[in-house]
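Protein chains in written order, with the numbering used here: chain P, -16 to 279; chain X, -16 to 279. Everything below concerns the one structure shown next.
There are 2 protein chains.
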Amino acid sequence: MIDDVLRERRAAVERTLDANLPATDTPPAVIHEAMRYAVLGGGKRIRPILAIAAAEAAGASVEPLLVPIAALELIHTYSLVHDDLPALDDDDLRRGRKTTHVVFGEAMGILAGDALLTEAFSWLSRPIPGVAAERQLQALRVVAEAIDSKGMIGGQVADLEATDSAGAQPSLNHLRFIHRNKTGKLLGASVLLGGILAGASGEKLAALETYGSSLGLAFQIVDDLLDQEESSATLGKTAGKDAAQGKLTYPSVVGVEAARTELAALLEAAVRSANAIGGSVNYLAPIARFICERRS
Amino acid sequence: MIDDVLRERRAAVERTLDANLPATDTPPAVIHEAMRYAVLGGGKRIRPILAIAAAEAAGASVEPLLVPIAALELIHTYSLVHDDLPALDDDDLRRGRKTTHVVFGEAMGILAGDALLTEAFSWLSRPIPGVAAERQLQALRVVAEAIDSKGMIGGQVADLEATDSAGAQPSLNHLRFIHRNKTGKLLGASVLLGGILAGASGEKLAALETYGSSLGLAFQIVDDLLDQEESSATLGKTAGKDAAQGKLTYPSVVGVEAARTELAALLEAAVRSANAIGGSVNYLAPIARFICERRS
């Protein structure tokens, strides 16, 4: 059942991305080809799906919110395109295909990432029928602050620093900083964006915040466990790479068993918050389980 | 007199940038050092000054608008930091100092640029006392659309394409596309941002738009002429580089005399629009003259 719900929401996100990204014949064509290549090459679309689920749990009709919600995927994709660059993680494979800079060159990898981030804020600022401008501005600000130098980018910087000092004593605090910021904050902001655009406030918004932050950390622990266990074919990206690069991961710092225990606790916290939100269309708890039990 | 006005407005912009950029001891420290290095290393601050001038001409008190206006300088700086990267223009010198990636490394050059762009949208979305959220959202959208893949980034892509095909017949249309987008659109959006936040609409906003677009193109023609004529010491960046890289420039395509004639016509159009706006504090025309007659 949750599979059908996810498939349908994912299809709505794909449609929105495809319909709103500039066409490949818009000049200069090459950057629009690169943007579309990066975004439309598959992906689980977890951030927009979380935003949709939060908006539906808060009682909104989701159709008018799809453009700002799809912007979350532009932001996620920009972060992948830049992280994959030679000067950063230097990765050739992503979502089962060659990375953007491998296909279009390094300059276009940088500029396509920049363009996706910019496009995201353009989508987030387009007028939405039925949503007050104050709320929209608040939602946009929540997203911007989640991905700034103290948020997602800060997590990436801390990750690079940890990799550079590989061999030093791994610090659980440093690892938590990386995870909370690099992955957790945008996932949390996705949930909040959906809630805020749907008009949620007070206790409902607070429950969404707890749900999002628990799930954000859980998501990254799952990622770390999968990187250790799965093959590249299943993941669609280079597996075992974190360990090979000496990156801090949950299993490498606390051990696999402790990582699994923390994951279970985070899932429980997410499900509890999901249930506290109520609502007639609320599939936040099944999504949390889906994310924590995924195999890729 | 205009010198005093510009000096005072520039000081307000510097103060705002310094007070609102994250402190260098905010973790992760290195990215905040890189962001501050890039932004606070001098610069004419022309985009924020244009926004201030537009807001004042439209009758606003400028103090509450300084944070979103200073965001324009973050955007301009991000574009310089990324353009200077080895994969793009590969420049070592900017504003008379080593470029950001030379000092902090290529990874941090990419991430600091990303962080400045993101921070800009954060500043643009902070609540402004006395400004309606609708207007603020409109102003933010004008800026986002000016710097997207069909705007500033598109201009940079077209510029790279022109450089790659050096030796081919230079096309005035291609050059105009580059100039209008790479420099012109953000300058135009800066004027509009000031006007929109100040509450301008209708004919006044249309006059500001003409002023901004004329000045945007004029600015780039001056840049091209200076690159050809001036020394690196005066410019604070590598001079003669455009010609050496086979970049399209106005003088190289139409000749120096025709470039000067077009510049004079654009200045006249800007001054005419500036005067049409009226207002009790209107120094848009002197700024236009200052920009067109600058020597660095």
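Cβ atoms here follow ideal geometry from the backbone N, Cα and C, with glycine treated the same way.
Contact set between the stretch 249 to 267 of chain X and chain P, restricted to residues whose Cβ is under 7 Å from the partner:
Within the stretch 249 to 267 of chain X, no residue has its Cβ closer than 7 Å to any Cβ of chain P.
Spell out the partners DSSP gives residue 80 of chain X in its beta bridges.
Note: residue 80 of chain X sits in a beta bridge opposite X:77.
For residue 117 of chain P, return the contacting residues in chain X, with the cut-off set at a CB-CB distance below 7 Å.
116, listed in chain order.
Taking DSSP as the reference, what is the three-state secondary structure of residue 131 of chain P?
In the three-state reduction of the DSSP assignment, residue 131 of chain P falls in the coil class.
Beta-carbon separation of residue 194 of chain X and residue 235 of chain X under 8 Å?
One thing to note: residue 194 of chain X has its Cβ no nearer than 8 Å to the Cβ of residue 235 of chain X.
Grab me the residues of residue 38 of chain P's own chain with a C-beta within less than 8 Å of its C-beta, minus the 5 sequence neighbours each way, in chain order.
Excluding sequence neighbours, residue 38 of chain P sits near 45, 48, 52, 177, 178, 180 and 181.
So is residue 204 of chain P buried or exposed if we call it buried at 16+ other beta carbons inside 10 Å?
By the 10 Å Cβ count, residue 204 of chain P comes out buried.
Within a Cβ cutoff of 8 Å, which residues of the same chain sit near residue -4 of chain P, ignoring the five residues on either side of it in sequence?
Excluding sequence neighbours, residue -4 of chain P sits near 28, 31, 32, 35, 49, 52, 53 and 56.
Where does residue 1 of chain P land, buried or exposed, given buried means 16+ other C-beta within 10 angstroms?
Classification for residue 1 of chain P: exposed.
Write down every uninterrupted run of the alpha helix (DSSP H) in the stretch -11 to 69 of chain X whose length is 4 residues or greater and which is fully enclosed by it, in chain order.
Unbroken alpha helix (DSSP H) stretches of 4 residues or longer found wholly inside the stretch -11 to 69 of chain X: 12 to 22, 29 to 40 and 49 to 66, given in chain order.
Could you pull the start and end residues of the alpha helix (DSSP H) that residue -16 of chain X belongs to?
Residue -16 of chain X -> no alpha helix (DSSP H), and no H or E assigned at all.
Residue closest to residue 261 of chain X, alpha-carbon to alpha-carbon, out of X:275, X:190 and X:18
Put simply, of X:275, X:190 and X:18 the residue whose alpha carbon is nearest the alpha carbon of residue 261 of chain X is X:190.
Interface residues of the stretch 129 to 145 of chain X facing chain P [CB-CB below 9 Å]
Of all residues in the stretch 129 to 145 of chain X, those with a C-beta nearer than 9 Å to a C-beta of chain P are 130, 131, 132, 133, 134, 135, 136, 137, 138, 139, 140, 141, 143 and 144, reading in chain order.
Is there a Cβ of chain X sitting closer than 8 Å to that of residue 159 of chain P, yes or no?
It does not: the Cβ of residue 159 of chain P has no partner Cβ on chain X nearer than 8 Å.
In terms of residue numbering, what span does the alpha helix (DSSP H) encompassing residue 179 of chain P cover?
Residues 168 to 180.
Is the Cβ of residue 97 of chain X closer than 8 Å to any Cβ of chain P?
At least one beta carbon of chain P lies nearer than 8 Å to the beta carbon of residue 97 of chain X.
Give a yes or no on whether the minimum CB-CB distance between residue 53 of chain X and chain P is below 8 Å.
Residue 53 of chain X does not count as touching chain P.
Between which residues of its own chain and residue 87 of chain P is the CB-CB distance below 6 Å, once the five residues before and five after are set aside?
Here the set comprises 17.
Where residue 206 of chain P and residue 201 of chain X are concerned, what is the direct C-alpha to C-alpha distance, given to the nearest angstrom?
Whole-angstrom Cα-Cα distance: 51 Å.
Tell me the rounded alpha-carbon separation between residue 263 of chain X and residue -15 of chain X.
When rounded, the distance between both Cα atoms is 15 Å.
Would residue 169 of chain X and residue 192 of chain X qualify as a contact pair, given that the criterion is a beta-carbon distance under 8 Å?
Cβ distance not < 8 Å, so residue 169 of chain X and residue 192 of chain X don't count as in contact.
For residue 14 of chain X, which residues in chain P fall below 8 Å Cβ to Cβ?
Per Cβ cutoff of 8 Å: 132, 136, 137 and 140.
Distance, Cα to Cα, residue 238 of chain X vs residue 70 of chain X?
The straight-line gap from Cα to Cα measures roughly 30 Å.
Which residues in chain P sit within 8 Å of residue 101 of chain X, going by Cβ to Cβ distance?
Those within 8 Å of residue 101 of chain X in chain P are 100, 127, 130, 131, 132 and 136.
Could you tell me whether the Cβ atoms of residue 125 of chain P and residue 95 of chain P are closer together than 8 Å?
No, they are not a contact pair.
Does any residue of chain X bring its CB to less than 8 Å from the CB of residue 9 of chain P?
So yes, residue 9 of chain P belongs to the interface.
In chain X, what lies closer than 9 Å to residue 184 of chain P by C-beta?
Correct list: empty, because the minimum Cβ distance to chain X is about 16 Å.
In angstroms with no decimal places, state the Cα-to-Cα distance between residue -13 of chain X and residue 269 of chain X.
Cα to Cα, the separation comes out at about 12 Å.
Quick check on residue 165 of chain P: does DSSP put it in helix, strand or coil?
Residue 165 of chain P: helix per DSSP, three-state reduction.
Quick one: measure Cβ to Cβ for residue 142 of chain P and residue 165 of chain P, integer angstroms, because I've assumed they're closer than 8 Å.
Contact holds; Cβ gap of about 6 Å.
Do residue 21 of chain P and residue 60 of chain P have their C-beta atoms closer together than 8 Å?
Pairing residue 21 of chain P with residue 60 of chain P gives a Cβ-Cβ distance under 8 Å.
Would you verify that the beta carbon of residue 175 of chain P is, or is not, closer than 8 Å to some beta carbon of chain X?
False, the Cβ-Cβ gap to chain X never drops below 8 Å.
What residue ranges within the stretch 83 to 120 of chain X form continuous alpha helix (DSSP H) runs of no fewer than 4 residues, ordered along the chain?
Runs of the alpha helix (DSSP H) inside the stretch 83 to 120 of chain X: 83 to 87 and 89 to 108.
Buried or exposed (CB count within 10 angstroms, at least 16 for buried), residue 248 of chain P:
Result: exposed.
Residues near residue 72 of chain X by beta carbon distance below 7 Å, same chain, minus five either side
The residues are 66.
Is it buried or exposed, residue 77 of chain X, if we count other Cβ atoms within 10 angstroms and call 16 or more buried?
Around the C-beta of residue 77 of chain X, 16 or more other C-beta atoms lie within 10 Å, and the residue is accordingly described as buried.
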